[in-house]
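What follows is one structure encoded as structure tokens, with my remarks underneath.
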Amino acid sequence: MPLDSLQHRLGQRVSLRSIQRWKKLYTETMSVICNPDLYENPGRGRIFSKNQVEMITDLLKSNACLFLDEIRGRVYETSGISCTNQTMSTVLKEYMGYTLKITSKIHINRSDVAREDYHIAQYPARFLVFTDESGVCLRKLMRRAGWAPRGYRARVIQQTLSPKRYNVIPAISLGGLLACHVSEENVDRAIFLEYLRTILLPSMNRFPGPNSVLVMDNAAIHKGFDVEQLCNMHGIALVYLPAYSPDLNPIEKLFGIFKTTLRRTQGLTHVQFDIPDYLEYVLAELMSAQACHACYRGSGYV
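Each step along the sequence shown adds one to the number in UniProt numbering, with nothing skipped, and position 194 is 194.
Put into structure tokens, the structure is as follows:
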């Protein structure tokens, strides 16, 4: 290829003289770099060795909440290498691929062995129905932050809301909200059994088939001979989640969205009809087939 054509392809900022030198060097050495060994480790060398990086990794596995200066202190104690917070941050982010995240809380009594023994993959996702209860307190759903000039309080006029607490017990399937009950009373064993007997179990199908496996956490009101007897009468398979494993229950994710929506819309502050009816309406809107499918996928069932 003529040199002027090559120059045109590379751009006019590359001179013909440079192209001639590169061509001559490549013809003589079969390389366009004078000494390739000089370019094996370009730039400044890494401050930490591979062993020290592994030590930092083990350190963060044992305590992910360490501050940068605490990590630096541990590194200095073991290796004698001193660095700034900025250098440590750069090493973590750019070299080790770490980012600072909000921590996921794991209950100290959670059993990883029980989680490993939790075999639910034998059931197709369309068989699974998840249920749990959650409380809604009107006062706790008021917005707690507001804008104001610096030095002034953010004041808002709010109507006095009842401290009354409502308890919702929805059940979801892969197709969306399957059943729901709203109670102004605390959900005890009697209320939960009545919910199973009159609302949820009649909405499910006999096993095997879609919506035929009831999955719950191991709360005391969810367990017992009477619960098992009701499920057996309706031909429903019963599965309990490992202790302290809300991440395995997709309905927990939807509870978070539910309360965020109530706080954002402030619908309970100007509701014109029965609050239980309104809560059921919001649950039905949020727990759609698309939302439930996404939460099933997030919990590993799809």
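Don't be surprised by glycine CBs; every beta carbon is placed ideally from N, CA and C.
Rounded to whole angstroms, the gap between the alpha carbons of F127 and I251 is 15 Å.
Within the DSSP secondary-structure output, S134 pairs in a beta bridge with V168.
When beta bridges are read from the DSSP output, Y240 appears opposite M216. Boundaries around V182 are those of the beta strand (DSSP E), G176 to S183, since no alpha helix (DSSP H) includes it. Bounds of the alpha helix (DSSP H) holding N232 are F225 to M233. With a beta-carbon spacing of about 6 Å, L193 and D226 fall inside the 8 Å limit used to define contacts. Residue V129 holds the alpha-carbon nearest to the alpha-carbon of C180 among Q229, I221, V129 and G224.
Short of 6 Å from the beta carbon of E133, and not among the five residues preceding or following it, lie these beta carbons of its own chain, in chain order: N167, I169 and V187. As the crow flies, the alpha-carbon of K223 is around 20 Å from that of S183.
The three-state reading of DSSP puts L100 in coil, since its state is none of H, G, I, E or B. Excluding residues up to 5 positions away in sequence, A179 and H181 lie with their Cβ nearer than 7 Å to the Cβ of I199 in the same chain. Exposed is the label assigned to T84, since fewer than 16 other Cβ atoms lie within 10 Å of its Cβ. Ranking A294, T261 and Y301 by CA distance to the CA of E285 puts T261 first. Between I257 and R297, the alpha-carbon positions lie close to 16 Å from each other. Between the alpha carbons of M287 and A294 lies a gap of roughly 10 Å. Close CB contacts of N51 within its chain, under the 6 Å cut and outside five residues either way in sequence, are absent. Rounded to whole angstroms, Y281 and Y240 show a C-alpha spacing of 28 Å.
One alpha carbon belongs to P210, the other to L100, and they sit about 41 Å apart. Rounded to whole angstroms, the separation of the alpha carbons of E94 and A125 is 39 Å.
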